[in-house]
Amino acid sequence: MDIQGRKLIKIATAGSVDDGKSTLIGRLLYDTHSLTTDKIEAIEKNSKQRGYDYLDFSLATDGLVAEREQGITIDVAHIYFNTSKTNFIVADTPGHVEYTRNMVTGASTSQVAIILIDARKGVIEQTYRHFFISNLLRMSHVVVAVNKMDLVDYSEEVFQKIKSDFDELVAKSDFTEDQITFIPVSALKGENVTCESVQMPWYVGNTLLDHLEVLEPNDLQESTVARFPVQYVVRPKTEAYHDFRGFSGKLYGNSLKVGDKVALLPSGNESTIKGIHFFDQELKEAAPGASITITLEDEVDCSRGDMIVKVGEEPISEKSLTATLCQVNSKALKVGQKYILQHGVNRVLAKVDRIEEKIHADFSGKEEAEQLKLNDIGRVQFRLSKPIHVDSYKSNKSNGSFILIDEGSFDTISVGFID
Amino acid sequence: MSNLFIPNPKEAESIHILREVAAQFERPVLLFSGGKDSITLVRLAQKAFFPAKIPFPLLHVDTGHNFPETIEFRDKLVEELGLELIVRNVQDAIDQGKVREERGRYASRNSLQTTTLLDAIEEFKFDACIGGARRDEEKARAKERVFSVRDDFGQWDEKNQRPELFDMLNGKIHLGQNVRVFPISNWTELDVWEYIRTENIEIPSIYFAHKRDVFFRDGLIWTANEHVYREEHEEVVEKWVRFRTVGDMTCTAAVLSEAVSLDDVVAEIRESTISERGARIDDKRSEAAMETRKKVGYF
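Chains as they are written, first to last, in the working numbering: chain A, 1 to 419; chain B, 1 to 299.
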């Protein structure tokens, strides 16, 4: 539950240039009364200056000067709105040149993807890519919003054709049919966004907003085993807490409770959970997603980067690993190069042993490659300076992903998904 | 009743970020303005490190034009929690001739804070400055990272930001660079108020309705005070007002309000059709006001 006791749903949007993504988000904000008077006034003023005879909602989201000048979105923007039942966070990812990097970034913190399709253009190459990334990141749900239905006379035939084209992609993916929903909309006219469409009586499903509200997305915590990476060791050294030695971190995967027998990695030492602390509360059991502090029965060595797990549920310890990588920096990834690998809060050195293949991000196959350039996706083998304790991305998103940091610039250059 | 503790995801995320700051940086500092967002940060930091003390000091860049209620509140909070407070004054930079005070109708020391902040970063060699900015406040802030890397000149390079994936925060920087950290990036104004109410966090009295001498200009309500430039024809009247954001007197406008309790304030925010920064005089300067200030090192 979010702060106000509402459900929290995190959405990434993907679309190509000009298919009306910003307008759709602006429409959602406008119709849920999330735009304030001064923002609406600013939009009216801007729309008028540009000579539009309608309200250009895209101006609600395009934030940077360069974006407004060129009428495009450059960087991932985060947008917040709520209904009485649900809080939404939208990661609005740009549709043009650097779409792969931006969409992977936006999708990594989201549960649901909305893929926009221009009804006039149908399923295009960009759509393949957006869906490929949704599949790679294993989004909990995908909503395919077929937009600009007003420009195709609200034709059911056009909508059905797009749906059947898209279904061919679904067949190539890991998604099941119930994870994908198709909705015909007109963001400009507000049809099926938050209000049922009068123009499309043939569509019997939910409006976009109603659909988003009923979703029950799995969060980053899909696995059944608990993972507790130690972020920070709390040692108050005060009189009241003289011997207190707590291990702070965020819990993933499953709950932990007082009395659980745990193993500490990498040492393999075992102990028992003595206490679970959240500020001044002493908890009996904490659910995944909680940022807590754990104390143990025994004096064991444990520091940042170590991991606490239940005995019998230990992850694999790997000194070499194979992962699907997406390059998110203009510096290319090369064989033989060394990088800093950050897995959760733990860092080791990683050397690229081999690039197995570059994967076409449109389901069209793969090819051999010497390097991975910005926005490339590939399968890469690494050797590590120390073993890390991993799960597959499929079974635990947070313990199955990592980033690579360039040793020179310290920029984040790749994100990896462990097999 | 179940014994299972179900976290609030935004609170858990903020605590995670604060712990990353303490672990990844040598000299972090929390930028404290005395406003509700930085007060919320202090509570989150208490939660992140309990039962230990907050492992970094607070820095207040004082324009000299703050509301006295804010300063009193700041000093009380610091004493109660046993925190270390560093204060650096914009007046000093003016006296040293580093910045020139603005004159006239819209004169404000708000943008002058940048120089004092950058000087303090250099003086104390801070490598991470934690701030209470939120992405919902303003559209340039909507593109801000949680860990936002700044160069030696404090500049924000908005087109060259590190992507932030999952929960992983990359705080690796070169000597001279620093990181601005925004733990409540994903909170909305309403989230902050609801949290303050749920947690029963004390806030300065000016957030609640009170009688104040004000005058009206450009549709905004300005505090009538020696620090705020006022023309003779701008008549001073006494009104029931409160503040939605608390910054420097010269850049923070009041709103008419009768909200005297946190419940009243939350109800008022829910109903409000004006955005929080709609009452920020500094943002009215131009459509790109915030972005321009951020690029040169503003918070």
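Ideal Cβ placement from N, Cα and C applies to all residues, glycine included. Please read these numbers as outputs of a predicted model, since none were measured by experiment.
Looking at the backbone, the Cα of PHE57 (chain A) and that of ASP353 (chain A) are separated by about 48 Å. Contact of ARG304 (chain A) with chain B by beta-carbon distance below 8 Å involves ALA23. Contact fails between the segment 36–44 of chain A and the segment 152–163 of chain A, because fewer than three Cβ pairs, one in each stretch, are under 8 Å apart. By the criterion of a C-beta distance shorter than 7 Å, GLU235 (chain B) is surrounded in its chain by PHE215, once the five residues flanking it on both sides are discounted. According to the DSSP assignment, ARG150 (chain B) belongs to the beta strand (DSSP E) that extends over 147–150. Residue range 99–108 is occupied by the alpha helix (DSSP H) that includes MET103 (chain A). Residues of the segment 38–69 of chain B that bring their beta carbon within less than 8 Å of a beta carbon in chain A comprise GLN46, LYS47, ALA48, PHE49, PHE50, PRO51, ALA52, LYS53, in sequence order. For ASN178 (chain B), the pairing in a beta bridge is given by DSSP as B:ARG150.
When DSSP reads this structure, ASN82 (chain A) sits in a beta bridge with A:ASN87. Only residues of its own chain outside the window of five on either side were considered, and among them ARG6, LYS7, ILE9, GLU213 have a CB closer than 7 Å to the CB of THR86 (chain A), listed in chain order.
Between ILE184 (chain B) and ASP37 (chain B), the gap from beta carbon to beta carbon is short of 9 Å. In the structure shown, the three-state DSSP call for LEU283 (chain A) is strand. Just measuring C-alpha positions, the residue of A:ALA91, A:LEU169, A:GLN231, A:SER320 sitting nearest GLN24 (chain B) is A:GLN231. Within chain B, ARG19, ALA22, ALA23 have C-beta atoms less than 7 Å from the C-beta of TYR232 (chain A), given in sequence order. Closest in C-alpha terms to LEU24 (chain A), from the list A:GLY275, A:ILE115, A:PHE363, comes A:ILE115. With a cut-off of 8 Å on Cβ pairs, the segment 173–192 of chain B is in contact with the segment 145–155 of chain B, counting three or more such pairs. Among the bridge pairs identified by DSSP, ALA323 (chain A) is matched with A:VAL380, A:ILE418.
Using beta-carbon distances, THR238 (chain A) counts as an interface residue toward chain B, with a partner under 9 Å. Residues of the segment 195–218 of chain B that bring their beta carbon within less than 8 Å of a beta carbon in chain A comprise TYR195, THR198, in sequence order. In the DSSP assignment, HIS33 (chain A) falls outside any beta strand (DSSP E) and carries neither an H nor an E. Rounded to the nearest whole angstrom, the CA to CA distance from SER257 (chain B) to GLU202 (chain B) is 19 Å. The segment 306–324 of chain A makes contact with the segment 385–393 of chain A; the number of CB pairs closer than 8 Å reaches 3 or more.
If you ignore the 5 residues before and after PRO229 (chain A), its C-beta comes within less than 6 Å of the C-beta of GLY249, MET307, GLY344, VAL345, all in its own chain and listed in chain order. About 6 Å separates the Cβ atoms of ILE269 (chain B) and LEU190 (chain B), confirming a contact at the 8 Å cut-off.
Taking 9 Å as the CB threshold, LEU8 (chain A) lines the interface with chain B. When the alpha-carbon of ASN192 (chain A) is set against those of A:ASP411, A:ARG27, A:GLU282, the nearest one is in A:ARG27. Chain B places no beta carbon closer than 9 Å to that of THR32 (chain A), leaving this residue out of the contacts. Assignment of beta strand (DSSP E) within the segment 328–357 of chain A, counting only whole runs of 3 or more residues, yields 338–343 in chain order. The beta-bridge partner set that DSSP reports for GLY246 (chain A) consists of A:VAL234. Residue contact with chain B for SER58 (chain A): absent (no Cβ-Cβ distance below 9 Å to any residue of chain B). Straight-line spacing of the CA atoms in PRO184 (chain A) and ASP178 (chain A) works out to 17 Å. The count of Cβ pairs closer than 8 Å, one atom from the segment 111–128 of chain A and one from the segment 139–146 of chain A, reaches three, so the stretches are in contact. For GLU285 (chain A), a Cβ of chain B is located within less than 9 Å of the residue's own Cβ. The C-alpha of LEU374 (chain A) lies about 8 Å from the C-alpha of ARG101 (chain A). Any Cβ of chain B closer than 9 Å to the Cβ of THR109 (chain A) would place that residue at the interface, and such an atom is present. In the DSSP secondary-structure assignment, GLU367 (chain A) is bridged to A:LYS358.
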